[in-house]
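Chains as they are written, first to last, in my numbering: chain A, -11 to 141; chain B, -11 to 141; chain C, -11 to 141.
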Amino acid sequence: MSDIEARLRAIEDRAAIEDVLLAYYAAVDSMCDLDGLVDCFTSDAVLDVGDLGLSRLVGHDAIRAFFAGVFRDTAHHAHHISNVRISRLECDEATAHGYVFAKAKGVGGLELFVHCKYDIELVRTAAGWKMCLFDEDAQIPIGDEVSALHAGH
Amino acid sequence: MSDIEARLRAIEDRAAIEDVLLAYYAAVDSMCDLDGLVDCFTSDAVLDVGDLGLSRLVGHDAIRAFFAGVFRDTAHHAHHISNVRISRLECDEATAHGYVFAKAKGVGGLELFVHCKYDIELVRTAAGWKMCLFDEDAQIPIGDEVSALHAGH
Amino acid sequence: MSDIEARLRAIEDRAAIEDVLLAYYAAVDSMCDLDGLVDCFTSDAVLDVGDLGLSRLVGHDAIRAFFAGVFRDTAHHAHHISNVRISRLECDEATAHGYVFAKAKGVGGLELFVHCKYDIELVRTAAGWKMCLFDEDAQIPIGDEVSALHAGH
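If you want it as structure tokens, here you go:
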């Protein structure tokens, strides 16, 4: 691979990795696009939201079932992402980090405003970059509001 | 156009489109730069903030008059943009999406904190990328605070 | 320098400048990484937070001492950056701008939610881009909460 090719590819990979994250949150905020949502993950991906009082989800079916519940229990929500930073970019693997703050309202009326950070592992697949690990933690202590909102899951 | 040229141009276009959005909000938050603000739009652009209880503005004069009113009625405001995503990039046209949350205080003391999303259509002109459609919608229901703040317009 | 080289370098510089800002705030939010924090600045850098009721800090030692105090007095905080815009990119110098909103809680229980903007001057050094001026101003008036939180400094 020429030097120009390698540099172009690094820039394109950076953009593609950001696009996976953007696609994931666009699907989350669509309140319906479960196919688009799981398509951001490898089939054996881990979505770990245990730190939020929720579960450690493994695989498309578990992720899909979790968000089906979120969509059912949420009146509206918005996830603003920021501080997206790629700390490792290998040929076919990458590590990224970012923040999200979300405003949400449950169908029962409970309102949330949460600040979280996440560490992500990604792999290059035949269908582009996918997340194989999404580990989300509270950045600001959130008490037990999240688990109250999703008490059914 | 060579492959390298096409790839470089796609990367530069992505950055240039983000820059138009950044320039627009820098002008909005300047509280004075109406020339810089309308320069982000084509002369026949549509700025549709009807979903916020405001108007559907067509053309530089209408956009300029609207923001002259906003600047007059606002004590201070800040627009934080995020989740900027380009879903279509053709040779001379593009579609982009993003979020903004804004904190604002009217000269009468009314305070607002709004979460909006927007869908944008852009075209490449001799003077660079410009927005020809900016369609802004409430992401979180905002009641009628915005129309109350800008009741005079 | 060929045209391709110049264009690639401009794109890489843009990304590298954003990475300095991301590294700075990652260090700030680490609540401990003083080495990583000062490494984002030239040795004679100015960090001017005078507009927030704080000090004008000059050089690594002053910046380090300031943040050692912040880390000691803060229970938790998170800095969400947005609207990062590069307005000047020369061969070895650049000017950038951006917003940050931060949620913080002091060890004494005082809670803050601040909206700031910053103007940054950067230079290219043998060790990459570094900030030589970071001038932070309140975007939304913040009263004297910040100085109250950091009253000891």
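Ideal Cβ placement from N, Cα and C applies to all residues, glycine included.
Integer-rounded CB distance, given that residue j should sit under 8 Å from residue i
i	j	result
A/His65	A/Val88	Rounded, the Cβ-Cβ distance is 11 Å, inconsistent with contact.
B/Ile74	A/Ile(-1)	15 Å between Cβ atoms; not a contact.
A/Ser143	B/Ser70	The shown model of chain A, from -11 to 141, leaves out residue 143 of chain A, and the question about it has no answer.
A/Val95	A/Ala63	5 Å
B/Cys28	B/Ala11	5 Å
A/Leu40	A/Ala126	6 Å
A/Leu110	A/Ala82	5 Å
B/Phe54	B/Cys20	About 15 Å; that fails the 8 Å criterion.
Nonlocal neighbours in the same chain, by C-beta distance under 8 Å from residue i, ignoring five residues either side
i	result
A/Ala90	His65, Ala66, His67, His68, Leu100, Phe101, Val102, Cys104
A/Arg52	Leu22, Leu25, Val26
C/Gly140	Unreliable positioning characterises C/Gly140 in this predicted model, as indicated by a pLDDT of 40, which lies under 50. The coordinate reading is nonetheless provided below. Result list for C/Gly140: Gly57, Asp61, in chain order.
C/Asp32	Val46, Gly47, Cys120
A/Arg(-3)	Met(-11)
B/Arg2	Ile74, Leu77
is_contact[residue i, chain B] using C-beta, thresh 8 Å
i	result
A/Glu124	no
A/Tyr12	no
A/Ser18	no
A/Ile128	no
C/His103	yes
C/Phe59	no
A/Lys91	yes
Below-8 Å beta-carbon distance, residue i vs any chain C residue
i	result
A/Ala4	no
A/Arg73	yes
A/Phe29	no
A/Ile108	no
B/Met119	no
Residue i (DSSP reduced to helix, strand or coil)
i	result
C/Gly86	strand
B/Ile128	coil
B/Ala66	strand
B/Gly38	helix
B/Gly94	strand
A/Ser31	strand
C/Ser(-10)	coil
B/Glu78	coil
A/Ala47	Per the sequence shown, the amino acid found at residue 47 of chain A is Gly instead of Ala. Coil at A/Gly47, not helix or strand.
Cut-off 7 Å between Cβ atoms - residues of its own chain near residue i, not counting five sequence neighbours on either side
i	result
C/Val72	Glu6, Leu9, Ala84, Gly86
A/Ile128	His103
C/Arg112	Asp80
CB contact check: residue i to chain A, cutoff 8 Å
i	result
C/Ala66	yes
C/Leu(-4)	yes
C/Glu81	no
C/Ser70	yes
B/Ile180	Residue 180 of chain B is absent from the structure shown; chain B starts at -11 and stops at 141.
B/Ile(-1)	yes
Residue i CB to nearest heavy atom of the ligand FAD below 7 Å
i	result
C/Asp17	Annotation note on the ligand FAD: not contained in the displayed structure, which lists no ligands.
Contact set for residue i: own chain, Cβ-Cβ below 6 Å, skip 5 residues either direction
i	result
A/Ile108	Ala84, Met119, Phe122
Item to complete: Would you check if there are 3 or more beta carbon pairs closer than 8 Å linking the segment 30 to 40 of chain A to the segment 115 to 122 of chain A?
Response: Yes, the segment 30 to 40 of chain A touches the segment 115 to 122 of chain A.
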